[in-house]
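Going by my numbering, the first residue of the sequence shown is number 46, and it counts up by one from there. Below is one structure, written out as structure tokens; comments come after it.
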Amino acid sequence: MSLLQQQLLDLGELFNFSDLSAFTQNIPIEWVASALDLSAQATIRRRRLPSDQVLWLVLGMALMNVRSHLILDAQLSPYRRSEMRLANEFLQQIPSRSVTLFDKGFWSADLLLSLATSEEDRHWLIPARKALVSEEVARYGKGDRLLRMKVSAQARKRNPNLPTHWDVREVSYEVKGKIKTVLTSLPVDTYSAKAIATLYRERWEIELGFRDIKSSLQQNAMTLRSKVKELVYQEVWGLLLAYNIIRREASQAAVAFGRSPCEIRFKPVAHYIAVQLIVMAAANPISATGRRLSELRAGIGGLFLDHRPRPSRPRTVKISKTRYPVDRKAAPLK
46 MSLLQQQLLD LGELFNFSDL SAFTQNIPIE WVASALDLSA QATIRRRRLP
96 SDQVLWLVLG MALMNVRSHL ILDAQLSPYR RSEMRLANEF LQQIPSRSVT
146 LFDKGFWSAD LLLSLATSEE DRHWLIPARK ALVSEEVARY GKGDRLLRMK
196 VSAQARKRNP NLPTHWDVRE VSYEVKGKIK TVLTSLPVDT YSAKAIATLY
246 RERWEIELGF RDIKSSLQQN AMTLRSKVKE LVYQEVWGLL LAYNIIRREA
296 SQAAVAFGRS PCEIRFKPVA HYIAVQLIVM AAANPISATG RRLSELRAGI
346 GGLFLDHRPR PSRPRTVKIS KTRYPVDRKA APLK
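Given below as structure tokens:
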């Protein structure tokens, strides 16, 4: 790294980009406690709190490219709206010749059939839910078979065009002594069971992408700083736009160096790009902007990860630090 690039990186301390204060001012924790105490009941599953309290709860969903971590589309809505309805609005934005990795909460014959029955060669991949009722139609090999399942009466009532039954491919594989099972629409003559298992492991990149937004851009803030509903939406869109700008520049740099965009360390790149953009905004002549952008991408070349290890411990939910006593024997909220 040249002396000029090192000096530009050192400017990060002057401008204090580490806290990104525009996105990290929290609503005081006392307000959160007050809202919970005054609530007659709260349901975590449905994310409900009384509407007359100070907290605005927003449901957000995004469509992310796992190879570049770029957000292709996003939807925001009041928290009472169904996540499945938001997912349906993404169908037209999913590109052709693609595979969409879903969380198991999006298991829906209507959603998945609508995605896979199009003529644009779009497929889906989703972890299997427990206690699914099905019958085996064909067996392709060890841990690879075709299943037939019945479409529920409720789903057919909402969409009369759905068939009475649908076929899905089930692939099972072993990871550290445990059997994992996924369901997919990918054809057996094109994708082997091993290829599908490898493809589904890339879903971890989605978790890393959202971690960059919540951890690096928001500094693990519990809430947004906005206190007005309209400004909450504005702040979320601002976060997503800032994230995509950083990711796009990082992706361009990765292509120039022949590397994968997901190999770039997001937080150092965010600081580096922020400093460079401020320097370029005040630099003359303006006609040299293209050259400066090339130099910016060249500077990102030293910010690649040599190896991204997967977590060696199982994922767990950590209790947030609080000055209030924690009653571990309390009954769950209803």
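Note that the Cβ used here is the ideal one computed from N, Cα and C, for glycine as well.
Rounding to the nearest angstrom, what Cα-Cα distance links Leu121 and Gln279 in this structure?
Counted from its first residue, the sequence shown places residue 121 at position 76. Counted from its first residue, the sequence shown places residue 279 at position 234. It is roughly 10 Å from the alpha-carbon of Leu121 to the alpha-carbon of Gln279.
When the cut-off is 8 Å and only beta carbons count, does Ser122 lie next to chain C?
Protein chains in the displayed structure number just one, and chain C is not present.
For the putative contact between Ile318 and Ile291, defined by C-beta atoms under 8 Å, what is the C-beta separation to the nearest angstrom?
Stepping through the sequence shown from its first residue, residue 318 is reached at position 273. Stepping through the sequence shown from its first residue, residue 291 is reached at position 246. Sure, about 6 Å apart at Cβ, within 8 Å.
By Cβ distance, which residues of its chain are closer than 7 Å to Gly346, with the 5 residues on each side in sequence left out?
The residue you call residue 346 lines up with position 301 of the sequence shown. So the list reads Ala298, Phe302, once near-sequence residues are dropped.
For Asp257, does the three-state DSSP call read helix, strand or coil?
Numbered from 1 along the sequence shown, position 212 holds the residue referred to as residue 257. DSSP places Asp257 in helix when its eight states are reduced to three.
Classify Pro306: buried if its beta carbon has 16 or more other beta carbons within 10 angstroms, exposed otherwise.
The residue labelled residue 306 in the question sits at position 261 within the sequence shown. Buried, by the Cβ-count rule.
In the structure shown, what three-state DSSP assignment does Ile45 receive?
For the chain, the structure presents residues 46 to 379; residue 45 sits outside this window and is missing.
If the criterion is Cβ atoms closer than 8 Å, does the pair Val419 and Ala176 meet it?
Since the first residue shown for the chain is 46 and the last is 379, residue 419 is missing from the structure and cannot be characterised.
If I'm right that Val314 touches Ala295 with Cβ under 8 Å, what's the distance once you round it to whole angstroms?
As a working note, residue 314 is residue 269 in the sequence shown. As a working note, residue 295 is residue 250 in the sequence shown. About 5 Å; that satisfies the 8 Å criterion.
Could you give the DSSP three-state label for Arg248: helix, strand or coil?
Residue numbering aside, residue 248 sits at position 203 when the sequence shown is read from its first letter. The answer is helix: DSSP assigns Arg248 an H, G or I state.
Proximity of Ser45 and Ala161 at Cβ, strictly below 8 Å
Since the first residue shown for the chain is 46 and the last is 379, residue 45 is missing from the structure and cannot be characterised.
Need the endpoints of the alpha helix (DSSP H) that Ile345 sits in, please.
In the sequence shown, the residue the question calls residue 345 occupies position 300. Segment: none, Ile345 is in no alpha helix (DSSP H) and carries neither H nor E.
Provide the residue span of the beta strand (DSSP E) that contains Leu121, from first to last.
On the sequence shown, residue 121 is found 76 positions in, with the first residue counted as 1. In the DSSP assignment, Leu121 falls within the beta strand (DSSP E) that extends over 116-123.
Measuring CB to CB, does Ile139 end up less than 8 Å from Arg167?
On the sequence shown, position 94 is the one that residue 139 refers to. On the sequence shown, position 122 is the one that residue 167 refers to. Yes, they are a contact pair.
With the cut-off set at 8 Å, would you say Ile116 and Leu104 are in Cβ contact?
Working through the sequence shown from its first residue, we reach residue 116 at position 71. Working through the sequence shown from its first residue, we reach residue 104 at position 59. In this structure, Ile116 keeps its C-beta atom at 8 Å or more from the C-beta atom of Leu104.
Residue of Glu128, Leu207, Trp169, Ala183 minimising C-alpha distance to Ile155:
Looking up residue 155 in the sequence shown gives position 110. Looking at the sequence provided, one finds Asp at residue 155 rather than Ile. Nearest neighbour of Asp155 by Cα position, chosen from Glu128, Leu207, Trp169, Ala183, turns out to be Leu207.
If Val182 and Leu170 are in contact, beta carbons under 8 Å, what's the gap, nearest whole angstrom?
Position 137 of the sequence shown holds residue 182. Position 125 of the sequence shown holds residue 170. About 19 Å separates the two Cβ atoms, so there is no contact after all.
Look at the alpha carbon of Lys374 and the alpha carbon of Leu102, and state the distance between them as a whole number of angstroms.
Here residue 374 is taken as the residue at index 329 of the sequence shown, counted from 1. Here residue 102 is taken as the residue at index 57 of the sequence shown, counted from 1. Taking the straight line from one Cα to the other gives about 27 Å.
By how many angstroms is the C-alpha of Arg214 removed from the C-alpha of Glu275?
Indexing the sequence shown from 1 puts residue 275 at position 230. Indexing the sequence shown from 1 puts residue 214 at position 169. In a straight line, the C-alpha of Glu275 is about 44 Å away from that of Arg214.
Quick one: measure Cβ to Cβ for Val144 and Leu286, integer angstroms, because I've assumed they're closer than 8 Å.
Within the sequence shown, residue 144 is the residue found at index 99, counting from 1. Within the sequence shown, residue 286 is the residue found at index 241, counting from 1. So it is not a contact: roughly 26 Å between Cβ atoms.
Going by DSSP, name the residue or residues bridged to Ala183.
As a working note, residue 183 is residue 138 in the sequence shown. For Ala183, which the question treats as bridged, DSSP gives the partners Leu191.
Nearest by alpha-carbon distance to Asp189: which of Lys225, Ala198, Ser159 is it?
In the sequence shown, residue 189 corresponds to position 144, counting from 1. Among Lys225, Ala198, Ser159, the Cα nearest to that of Asp189 is on Lys225.
Who are the Cβ neighbours of Arg201 in its own chain at under 8 Å, not counting the five residues just before and after it?
By one-based count along the sequence shown, residue 201 stands at place 156. Hits under 8 Å: Leu207, Thr209.
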